[in-house]
Amino acid sequence: MELRSIRIRNFRSVEQEQYLLFSNGTTIVGPNSSGKTNILKAVKMLFTGFDNILKYNRVDDLTFGQEKNKTSITAQFDGNPDGIDKNLYSLLDELHKLQGTIRNGNLFSLSLYFTDTSTPVYNIFPNVKRPNDLGKAKIYSRVHRQLVTQLIESFSIYYVPAAKSIRQLYEDLLAPLLRKITADALSSHIPDVASKISDVSNRLNEQLELAGLSNLKASFIIPENSLESFFTNFDFVLEDPAKTPIYEKGMGIQSTALIASFLWITQEMKRQAKNVIWLLEEPESYLHPELSVSCLRILSELEKESLVIKTTHSLSFVPQDPDRIKGVTINSVGRTEVSSYRTYVEATSSLRRNLGVRFSDFYNLGQYNVMVEGPSDREIFNWFLSIAPVEKYSWPLLRQAQFLDYGGVKFLSGFLRATYQFVSKERSCVAVFDGDDAGTKEYKDLQGYFGQIKIPFQANNEFIVVRNRFPIEGLFPDDWIKDAAHEHQNWFKSFTVDASDELAPFDVHDNHKNQLQNALMQRVKEEQNFNWAKRFLDVCNAIDSALSHQDRKLHP
Numbered sequence: 001m002e003l004r005s006i007r008i009r010n011f012r013s014v015e016q017e018q019y020l021l022f023s024n025g026t027t028i029v030g031p032n033s034s035g036k037t038n039i040l041k042a043v044k045m046l047f048t049g050f051d052n053i054l055k056y057n058r059v060d061d062l063t064f065g066q067e068k069n070k071t072s073i074t075a076q077f078d079g080n081p082d083g084i085d086k087n088l089y090s091l092l093d094e095l096h097k098l099q100g101t102i103r104n105g106n107l108f109s110l111s112l113y114f115t116d117t118s119t120p121v122y123n124i125f126p127n128v129k130r131p132n133d134l135g136k137a138k139i140y141s142r143v144h145r146q147l148v149t150q151l152i153e154s155f156s157i158y159y160v161p162a163a164k165s166i167r168q169l170y171e172d173l174l175a176p177l178l179r180k181i182t183a184d185a186l187s188s189h190i191p192d193v194a195s196k197i198s199d200v201s202n203r204l205n206e207q208l209e210l211a212g213l214s215n216l217k218a219s220f221i222i223p224e225n226s227l228e229s230f231f232t233n234f235d236f237v238l239e240d241p242a243k244t245p246i247y248e249k250g251m252g253i254q255s256t257a258l259i260a261s262f263l264w265i266t267q268e269m270k271r272q273a274k275n276v277i278w279l280l281e282e283p284e285s286y287l288h289p290e291l292s293v294s295c296l297r298i299l300s301e302l303e304k305e306s307l308v309i310k311t312t313h314s315l316s317f318v319p320q321d322p323d324r325i326k327g328v329t330i331n332s333v334g335r336t337e338v339s340s341y342r343t344y345v346e347a348t349s350s351l352r353r354n355l356g357v358r359f360s361d362f363y364n365l366g367q368y369n370v371m372v373e374g375p376s377d378r379e380i381f382n383w384f385l386s387i388a389p390v391e392k393y394s395w396p397l398l399r400q401a402q403f404l405d406y407g408g409v410k411f412l413s414g415f416l417r418a419t420y421q422f423v424s425k426e427r428s429c430v431a432v433f434d435g436d437d438a439g440t441k442e443y444k445d446l447q448g449y450f451g452q453i454k455i456p457f458q459a460n461n462e463f464i465v466v467r468n469r470f471p472i473e474g475l476f477p478d479d480w481i482k483d484a485a486h487e488h489q490n491w492f493k494s495f496t497v498d499a500s501d502e503l504a505p506f507d508v509h510d511n512h513k514n515q516l517q518n519a520l521m522q523r524v525k526e527e528q529n530f531n532w533a534k535r536f537l538d539v540c541n542a543i544d545s546a547l548s549h550q551d552r553k554l555h556p
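Structure, rendered in structure tokens:
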């Protein structure tokens, strides 16, 4: 039997009816105090039963200000009428027969509401009148109660709150099952245990009789005739390779080991023909970030065996499938609302926005960012800004910007293709390309790519080309490049001048780039003014202007 969906109304922060369709691994995301935990508790409350074992209390659990209304929870179930759920469907069919209807398919609903005295009232057919005939009505009530009880008892619900310690969770979840299976394994020895205990009590009674207290009889009894009560504790030990009690390990290891035990618990309960639901509250809250991948693998296996519904603040715990993600927000009157997402990006963007976490934070971007091809480009720009007089060349945004290099033009292009559409909505980012063949190819490809998805990527607004057809060294005076080529021909892959002795585009060996740049920067020390720097000034003006353009778009 599977819980397929739930509708919640007037339960804690949920006032208007909220609907959740569950998939294995359903994840609920949203800001703090938005009602994520209340949804988990509503799922759990569905299984309180006729005796209200989960202690619904109208004062605490009814939505504030809704005293004239009632909490209602409606769930839809789907099972196998020809297999493990045959008995439940037989009872369901009997109810249909008593009211003169026929079951249509395997899906059916269970509705629950609570009266003014906090009494739970269950209905399989909430909008259908029960039989008027007194005899049929009694049978209907009996079968209905039997069906609801068996349905509820066919589920094992495990709620794992973030606030509980690992020791508490171990005692609540794992230890009881360990005691039970140990007791079951030793059950055949109960008569022998009882016999030995009886021998002890007989000897004690002999002593009482000798003391003149023959009217006083002593005996020792196995509580409820079960060995479970004999076992108070099991040491949970981890070996790596030394054996250490789990509570002496770090919190992350403790948590991961406990989550690993959830799969065993699930499998044990399934052997008892139970349907298992795990309600996990913010599992990342007690995990070390480095263990999240291991934990996700375990949860993935758990989702194959049971229904897992978890809340999270962590992007790493958000599944890629948007159908498995539900968003929770608080509306203008402080009530919980549930929404769905069309895409994974929409879900994670919403989560980041609600948490005040931006996509750009994951890449350590500043308010103003200049993205260059490689380390040598970054070094040249930082060097030039250090020698350009601030009082003459203020470039207020450029001087605040951080320069980020990506190890080559291909890597810069790859980063922009993967992230620019997101980071550009949060930070001012300008990419700087060399004008050589490699740089030209990449920025043209990016223009085509971003054009298809309607993301602006225009020269001198979103990216800058340092000099058409030239690498970044082409910002220095042409005569200096020609002199360097004359003195160090081996630094250049290719070097040419035309018939007018004008410098043609050139290419420098990667292992000689630093030598060429250092030689050119050394030559600057011989200059008395900034006449040599025209191309540098043009590029810096363009970058500062582009940063300003983006800043205005972000902060109109």
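Counted from 1, the sequence shown has number 299 at position 299 by the numbering used here; the numbering is strictly sequential.
Ideal placement from N, C-alpha and C gives every residue a C-beta, glycine not left out.
- In this structure Pro-471 is not in contact with Asp-445, their Cβ atoms being roughly 18 Å apart against a cut-off of 8 Å.
- Partner residues in the beta bridge of Lys-310, as assigned by DSSP, are Thr-27, Leu-280.
- DSSP places Phe-411 within a helical segment (H, G or I) once states are collapsed to three.
- Contact between Asn-275 and Ser-154 is confirmed by a C-beta separation of about 6 Å, below the 8 Å threshold.
- Within its own chain, the residues whose Cβ lies closer than 8 Å to the Cβ of Arg-58, once the five positions on either side in sequence are excluded, are Thr-71, Phe-114, Asp-116, Thr-117, Ser-118, listed in chain order.
- When rounded, the separation of the alpha-carbon atoms in Lys-525 and Asp-538 is 21 Å.
- As computed with DSSP, Thr-336 is found in a beta bridge with Ile-330.
- Note that the stretch 385-398 touches the stretch 535-554; at least 3 beta-carbon pairs, one per stretch, sit closer than 8 Å.
- Between Asn-331 and the set Gln-18, Lys-493, Ser-5, Ile-6, the nearest pair of CA atoms involves Gln-18.
- The stretch 90-163 is shown to contain whole alpha helix (DSSP H) runs of 4 or more residues at 134-153, in chain order.
- Burial of Gly-474 is indicated by the presence of at least 16 other C-beta atoms within 10 angstroms of its C-beta.
- As the crow flies, the alpha-carbon of Ser-494 is around 55 Å from that of Glu-284.
- Here Ser-394 carries a coil assignment [DSSP, helix/strand/coil].
- Under the DSSP assignment, Asn-369 falls in the beta strand (DSSP E) whose first and last residues are 368-372.
- By alpha-carbon distance to Ile-157, the top candidate from Glu-94, Ser-261, Trp-278, Tyr-140 is Trp-278.
- When rounded, the separation of the alpha-carbon atoms in Phe-262 and Leu-302 is 7 Å.
- The beta carbon of Lys-513 lies closer than 6 Å to those of Ser-376 in the same chain, with the five residues before and after it left out.
- Straight through space, the alpha carbons of Lys-164 and Ile-197 are spaced by roughly 39 Å.
- In this structure Gln-76 is in contact with Arg-4, their Cβ atoms being roughly 5 Å apart against a cut-off of 8 Å.
- Just so you know, the alpha carbons of Ala-499 and Phe-530 end up roughly 29 Å apart.
- Excluding its 5 nearest sequence neighbours in each direction, Val-409 has C-beta neighbours in its own chain below 6 Å: Glu-373, Ala-438, Gly-439, Glu-442, listed in chain order.
- Inclusion of Phe-125 and Gln-99 in the CB contact set at 8 Å is warranted, their separation being smaller than that value.
- Annotated three-state conformation of Arg-523 is helix, per DSSP.
- Inter-segment contact for the stretch 343-355 and the stretch 379-386 is absent: fewer than three beta-carbon pairs are separated by less than 8 Å.
- Contact between Leu-307 and Asn-24 holds: CB atoms are separated by about 6 Å, below the 8 Å threshold.
- Bounds of any alpha helix (DSSP H) do not take in Val-430; it lies within the beta strand (DSSP E) bounded by 428-433.
- Here the C-alpha atom of Gln-168 lies approximately 10 Å from the C-alpha atom of Pro-161.
- For Gln-528 and Lys-534, the gap between their C-alpha atoms comes out near 14 Å.
- Relative to the Cα of Tyr-420, the nearest Cα in the group Leu-520, Arg-203, Gly-451, Arg-552 belongs to Gly-451.
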